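Those protein sequences? They're chains C and D, same order as listed.
Quick note on numbering: the UniProt record's numbering labels position 326 of the first sequence as 326, and the sequence is numbered without any gaps.
Quick note on numbering: the UniProt record's numbering labels position 120 of the second sequence as 120, and the sequence is numbered without any gaps.
Here's the structure, in C-alpha cells; my notes come after.
There are 2 protein chains.
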Amino acid sequence: MTNSEKHNRMANAIRFLSMDAVEKANSGHPGLPMGAADIATVLYTRFLKHDPKNPHWPDRDRFVLSAGHGSMLLYSVLYLSGYEDITIDEIKNFRQLGSRTAGHPEYGHAAGIETTTGPLGQGLANAVGMALGERILNAQFGDDLVNHYTYVLAGDGCLMEGISQEAISLAGHLKLNKLIVFWDDNNISIDGPVSLADNTDQAARFAASGWNTLSIDGHDQEAIAQAIEKARASDKPTMIACKTTIGFGAPNKAGTNKVHGSPLGAEEIAATRKALGWEEAPFVVPADILDAWRLAGLNAARKRQEWEKRLTAADADTRAEFERRIRGDLPGTFEQAIIDYKKKLSAEKPKVATRKASEMALEVINGVVPETIGGSADLTGSNNTKTSQTKPITPDDYSGRYVHYGIREHGMAAAMNGLSLHGGIIPYGGTFLTFSDYCRPAMRLSSLMGIRVAYVMTHDSIGLGEDGPTHQPVEQLAALRAIPNHFVFRPADAVETAECWELALKSVKTPSTLALTRQNLPTVRTDHIEENLCAYGAYELATASDDAKVTIFATGSEVEIALNARAALEKKGVPTRVVSVPCFELFEEQTPAYQQALIGDAPVKIAVEAAISLGWERFIGEDGVFIGMKGFGASGRIEDLYKHFGITAEAVVQAAEAKLQQAA
Amino acid sequence: MTNSEKHNRMANAIRFLSMDAVEKANSGHPGLPMGAADIATVLYTRFLKHDPKNPHWPDRDRFVLSAGHGSMLLYSVLYLSGYEDITIDEIKNFRQLGSRTAGHPEYGHAAGIETTTGPLGQGLANAVGMALGERILNAQFGDDLVNHYTYVLAGDGCLMEGISQEAISLAGHLKLNKLIVFWDDNNISIDGPVSLADNTDQAARFAASGWNTLSIDGHDQEAIAQAIEKARASDKPTMIACKTTIGFGAPNKAGTNKVHGSPLGAEEIAATRKALGWEEAPFVVPADILDAWRLAGLNAARKRQEWEKRLTAADADTRAEFERRIRGDLPGTFEQAIIDYKKKLSAEKPKVATRKASEMALEVINGVVPETIGGSADLTGSNNTKTSQTKPITPDDYSGRYVHYGIREHGMAAAMNGLSLHGGIIPYGGTFLTFSDYCRPAMRLSSLMGIRVAYVMTHDSIGLGEDGPTHQPVEQLAALRAIPNHFVFRPADAVETAECWELALKSVKTPSTLALTRQNLPTVRTDHIEENLCAYGAYELATASDDAKVTIFATGSEVEIALNARAALEKKGVPTRVVSVPCFELFEEQTPAYQQALIGDAPVKIAVEAAISLGWERFIGEDGVFIGMKGFGASGRIEDLYKHFGITAEAVVQAAEAKLQQAA
C-alpha cells in the first residue's frame, strides 16, 4: 500500500464511521466529515501534538471543530486515535440520549472535545482565546512548559457569522501566529450554493485583518501537510482555504446540500462503499487502518513524555505554581485577602459606584491571583476593569494581563470562554449590561459548558442616565437569570461587590455576571464582615424593630432606596425589614427552611429593582408589590429618571401603606 | 465669503451647536459631530434628497447615523435644515427627560431620525435593509415612485462589531449600489487609539465583500462631494473612508479620546471658538449661515415636488396600492382570507408541525399581502419560510420576495428592522429559536422602536431532538418575553398558528416572535373558528366536566400533553380544564376580570411548557406546579427527551393527583 493509498484509507475510515453513524441515528451531518476527512487525517496523524491516553495534558495542541454539526469528524478521529472516552459503541450510539457522542460536540462529554460547538462562529472565537491563552502562559512559564498550536476547522457558516469578524480581527491584531484555521471551502450551505447569499473573497478578508492566507486542494494530503508547515512558520495567524467536496465519495450526492444535514440513505452509502473501495461492514475499520491510526496516536504522545521531563526539571516553585493554575485552584492567600479588604471597607464605608467598588476589589484580587486576565470591549474607563497590576497585552508582548478587546463584545465573551477552556487563566471582561445582549450566545455557552468566566457588566439600569433607552438595561437582568447555570450578581455596595467577586472566582463550574452601577452608592453592609453573606443569594440586611409588617426585597442600587423606605416606615411605626438579594441563583441553592425563613411572613412584601418584574414573584408572591420598570427607559438625568419611573423610597412607603390599609 | 469659507462656517454651526449642547447637558459626545461636520454639511446641503417640511416623504434619501453617540450631529443638521421637530429649544434640552433630543437618536422622537442607533453596528445593518427595501419597491413601483439613496455614517465601533460584517457581506452580495457608507476614520476609540485593538485594513475588507471603496480627506468639502458623486455612479455599494480628526477645531483635545464622550469644558470651548473664528454666543447661529442651511433645505425639497407630480400622474390603482403600502395598512381581503383558511383547517384537522402550519398560513398570507418579504438565515427548508409566491431576490433581480440572508441571524434581524423602517414592506425571517440569542440586540431595537417585524423561530424546544442542548432553547421564551413591547407567540396547532400570524401582521407597533415546533402536533382548536382567540393571549381550550379541580396551562407542543392529561384526569373523575396560552403579552392586555376568570380558582394549577419556569408564577401562583425544564437539554430522540425530562401527560396527572391529595 502506497503512502497515498494508506492516507486515503485512513481518511475513508472517518468517512464511513461518519456516514454509518448518521445512518444508524437517522439524523446528523455526514457531508462535512466526508469532505474534511483528509484534512483531519493529515492533522491528527502527522502534526497534532496530543496524547490520546493522557488527553488533558496541558501543553497539547488544541483542535476546535468550529463547524460543530460535523461532530462525527471529531468523534471519528478521537476513536481512531485511541481516546478511551470514544469507543466504537459510543460511535454506534451517536446522538442517543446519554451517549458521549451528542449531536454536536459537548465539552465535558469526552476528552478531546476542547469546547462545545454548534452555534456557528463560536468555536473560531473560542480558539482565538485559546491561542491567546497559550501566548500569555508562554510569556509567564516559558517555551518549556507552554508552547502549542491551536487548530480550527471552520465552515462557511462560521465565516458568515459576525462573530467571526470579531475573532479574526482580534487574532490578526494580536498576531496570534500559533493559530491555524482550516476553512472547509465546500461552496455549500443549507439553502444551496453559498453564492445564494455570499460572494466574499475570504482570503482577502482575512488578509485585511493581518492574517497569512494559503489556498489548497483540501483532498491533497501533501498540499495539506505543506500548508500546515508553512502556517506553523508564519509570524501571523494563518487561514488555509481548503477547497473540498462536501460529502466526498458519495457518487450522487457529493457537492450538494443534500449531503449536508441528512443521512445518505442505504443506497447511496452502498454506492459510496463501492466508489471508495471500502468493503467493511458498518462501524468496522480494517485492522491495519486502525493500527495505523493508533500508531500515529502513540507517536504523537512522545512529545508529552519530553514535556513531562521538562516539567520535572523545572524549579519546584514554578512547577507548583503551574500545576496550581492548571488545576484551577485559587492561591491560598485569596480568602484572607478578601476578608481583610472587607474589614477595611466596613471601617471606611466608601460611597462609590459598584463599578468602582469592583475595580477596588479587583485591585486586591489581581494582587493575589496572578492568573486573572482582565479586559473590556473598549470601555475600560467606564467598566473599571483595569487595575495597577494589569499591563496591556500587545502584539509584541504577551506578558501583560489586560486585553483591549476592542468594540467586540461577542468576540470578547467567546474569547474569554477560550481562555478559560485553555486552563491556567481566569478571564474577566467588561461592557455595559445592556450589551450583554451582544454577548449572549457566548454567555450561554459559558453556562452550558460550566466554565469559570466573569462578565463585568456596568451601567446596570436607568441609573446610567442620559445615554437613554438603548443603553439602559431593563430586561437584561431577567434574561440573564433565565440562563441555567449562570450566577447573576447585583451587589448593593462595596462589601457585597467584594463578596460577589469572591464567589465568582470560586465558582469553577458556573460563570458569573456582575451587574454594577454607574452611580455612587453608600456602604450598607457593615455587619458579619467575616462571613460572605452574598453566598446565601439573599439575606436580611436590616431587621424590623418588631414583628415585621413589611419586608422589602431589593438588589444593587435599589437597596439604598429600600433602606430609606424602611427608615421612613419604621418612623411611622411600621416594623419593616430589608432583604438584600445579590444573587437569585444562589438563593435557590439554599435549604427550603432558609428560603422560607428569609422570605418570611410579613403581610406586605415589596420588591424594588430598576428593571422589569419577571422572576420577582418568587419573593413577593402573587399579592406582592413590585416597584421597578414596566417598559424601556428614557434619556435624562438620573434623579429625574428614578422619579419619573416611580422608583423612590417615597413610592415604596406609599405602596406599603396602601397595602397595609388594604389588609386591615 | 468664498464657497469654502461658507462651507466652513456652515460646518462650524454643527460643531458649536454640538459642543454647546453637550456642555449644557454636561454629558454627551462632542468628538464625532465636530469631526464629521464637513461630511454632514456636504451631504445635507448638496446631495441629500429630502424635504424638511415634509419629512416623511416616502422617496426621500435615508440618512442613518450608525455611530449614534454622535447624535448632536444629526440634531444639528435637522435643526439647521429646518425640520420642525428639532427647535433650538430642543437642542438646548439635549439629553433631558422628555426632550426629542435624547442621548442617542430615538426613532419616533423627531422626523429625520430614520432609526434608533447607539448600539453599534445596528444602524449600518438597518441601512442595508433600507437600501434593499428601496430596490424591492423600485422593482415593483418603478423609478418614478421609488428611487433614492441610503447614506450611513459609521464609526470605528460600528466596523469592529461583528454585525457589520454580516451587513457588509450581505450588501456586497446583493449589489446594493445605492447604499453609501461614510466611515468616520478618526483613529480614536474610547480606550485610546484604534490601534490598541484593531489593525484591519477596512478598505480591503469592504472590497473583499464586493464593495467599491474610496478614500478621502473628510474635511475637504470638494473631496467629499466628488466621492459622493463617484459613489452614486457605482454599480456596487460604496464605502468612503473619510480621514477625520475627532473633535476637529478643539485646539488641545482634537484627535484624542478626551473629546470622544465628555463635554469639552468652558475653557476648551472658548479656545475652539477662537481657533475657528466663531464669535456667537452658545446656541446662536449667525443669520446668514442659518439662511444658507435653510435655503439648502428648500432647494432639496424641489425633488419632492417633482415626485408628487409623478405620483399624481401614476395610474390610480398603482397610486392607491403604493399609498396603502406606505401607510402600512393591510389589504382589505386579509381578514376574510384568514377566516376562510381557519375554517378549512378546522374541517381538515391537519397533524403538522407548527413550522409547517406557519408555511401553510404564509401561503395564504403571501397570496393576499404582496408587501411581505420573507427570508431565512440559511434554514429555509427548516424554518418553512418560503411559499409559492416568494421568488428569491438576487443581485440582478429585486422583483422577488424572498431573501437568502445567509448564516447571518443578527444581520437578518437588523436588516428586517431596516426593511420595516423603510416603509411599504412587512418583513419576516427565520432561524432556530435558540439562535434568537444571536438576533437579540436587533430584536430589542424592533421593540424599542415599535415596528412591525415578524421573527419566525422554529425548533422551539427539546422537541427538536438530536441536535442537542446548543440547539435546544430552554430559556429563550422567557428571555424574549422579558423584552418590553414584544409579542412572543407559541401556537399549539395550525389554527392558532394562523391566528398568531394574523396578530403579528396587524401589530403595527409591536414586533412579534413566532415560536414554532419541529415536531408534528394535532389540530386541537376546532371551535369558535371565526374569532381570533389567540388575541386574548390565553383562553380556555377545554372545559372541565364540572367545577374544575385542576387547571392546566400550556403553550405550543405542550398543549397536546395538557389535553391528554386532562382526558386521563377526567377519566379518573377529576374535573380538569385546559387553558392555551399562546401569548403572555396579549393576556396582560386583557381586563383584570378576564384575567381572573381565565386563571380561575381550581385548587390545583399546573403549567406545562418545555422551557424554564420563569414567568409562569403569573398563572399558577406560588403554590402551583410547573412541568418543564430545569436546565439545559440533551441530544437524543424526542420521545426519549420528553420522558427523560419528565414532560409527559403521566407526569402532569401524577403531579395533579399528588397536589389534590395534599390539599385534601
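The beta-carbon is built from N, C-alpha and C at its ideal position, and this holds for glycine as well.
No experiment lies behind these values; they were computed from the predicted model shown.
For Asn199/C, the chain D residues whose Cβ falls inside 7 angstroms of its Cβ are Gly172, His173 and Gly210, in order along the chain. Counting along the chain, the unbroken beta strand (DSSP E) around Gly628/C starts and ends at Val625 to Gly628. Secondary structure note for Lys344/C: its alpha helix (DSSP H) is the uninterrupted segment Phe334 to Glu348. At a Cβ-Cβ threshold of 8 angstroms, Val152/C and Val181/C count as neighbours. Between Leu80/D and Ala167/D, the C-beta spacing is not below 8 angstroms.
Under DSSP, Phe63/D forms a beta bridge with Tyr151/D. Our two residues, Ser613/C and Gly615/D, have alpha carbons roughly 9 angstroms apart in a direct line. With a threshold of 8 angstroms between beta carbons, Pro603/D makes no contact with chain C.
In the structure shown, the three-state DSSP call for Ala544/D is coil. Partner residues in a beta bridge of Glu23/C, as assigned by DSSP, do not exist.
Look at the region 109-125 of chain C: the residues with a C-beta under 7 angstroms from a C-beta of chain D are Thr116, Gly118, Pro119 and Leu120.
From the beta-carbon of Met412/C, no residue of chain D is found nearer than 9 angstroms; the closest lies around 10 angstroms away. A contact between stretches requires three or more CB pairs, one per stretch, nearer than 8 angstroms, and the region 324-337 of chain D meets this requirement with the region 415-426 of chain D.
For the pair Ile339/D and Ala347/D, the Cα-to-Cα distance works out to about 12 angstroms. Going by C-alpha positions, Tyr402/C is about 25 angstroms away from Asn212/C. As the crow flies, the alpha-carbon of Thr245/D is around 11 angstroms from that of Asp38/D.
Annotation for Asn299/D: the continuous alpha helix (DSSP H) segment containing it runs Ala287 to Ala313. About 7 angstroms separates the CB atoms of Thr576/D and Lys549/D; that is less than 8 angstroms, so the two are in contact. The Cβ-Cβ distance between Val652/C and Ile529/C does not fall below 8 angstroms. Within the same chain, Cβ atoms closer than 8 angstroms to the Cβ of Thr648/D are found at Ile561 and Tyr642, the five residues on either side in sequence being excluded.
Within the region 85-154 of chain D, the complete alpha helix (DSSP H) segments at least 4 residues long are 88-92 and 122-141, listed from N- to C-terminus. Contact between the region 59-75 of chain C and the region 93-110 of chain C is present, with at least three C-beta pairs closer than 8 angstroms. Trp183/C carries a strand assignment under DSSP once its states are collapsed to helix, strand and coil.
From the beta-carbon of Tyr438/C, the residues of chain D found nearer than 7 angstroms are Pro441. Ala454/D is positioned such that its CB atom lies no closer than 8 angstroms to that of Ala414/D.
In this structure the region 81-90 of chain D does not lie against the region 130-139 of chain D, because fewer than three pairs of beta carbons, one per stretch, are closer than 8 angstroms. Listed in chain order, the positions of the region 492-526 of chain D with a beta carbon within less than 9 angstroms of a beta carbon of chain C would be empty, since no residue qualifies. Partner residues in the beta bridge of Asp397/C, as assigned by DSSP, are Thr394/C.
Using a 10 angstroms sphere on the CB of Thr431/D, the tally of other CB atoms reaches 16 or more, which defines it as buried.
Shown here for Ile620/D: same chain residues with a beta carbon closer than 6 angstroms to its own, the five before and five after excluded, namely Lys605 and Ala607 in chain order. DSSP places Ala607/D in the uninterrupted beta strand (DSSP E) bounded by Val604 to Val608. The beta carbon of Pro469/D falls within 8 angstroms of a beta carbon belonging to chain C, placing the residue at that interface. Taking 4 residues as the shortest admissible run, the region 516-603 of chain D contains the following complete alpha helix (DSSP H) segments, listed from N- to C-terminal end: 558-571, 584-588 and 592-599. Scanning chain D for C-beta atoms nearer than 9 angstroms to the C-beta of Ala479/C yields Arg440, Glu475, Ala478, Ala479, Leu480, Ala482 and Ile483, reported in chain order. With respect to Leu65/D, Gly112/D sits apart: the two C-beta atoms are not nearer than 8 angstroms.
Counting only unbroken stretches of 3 or more residues, the beta strand (DSSP E) elements lying wholly within the region 419-503 of chain C are 426-432, 454-458 and 487-489, in sequence order.
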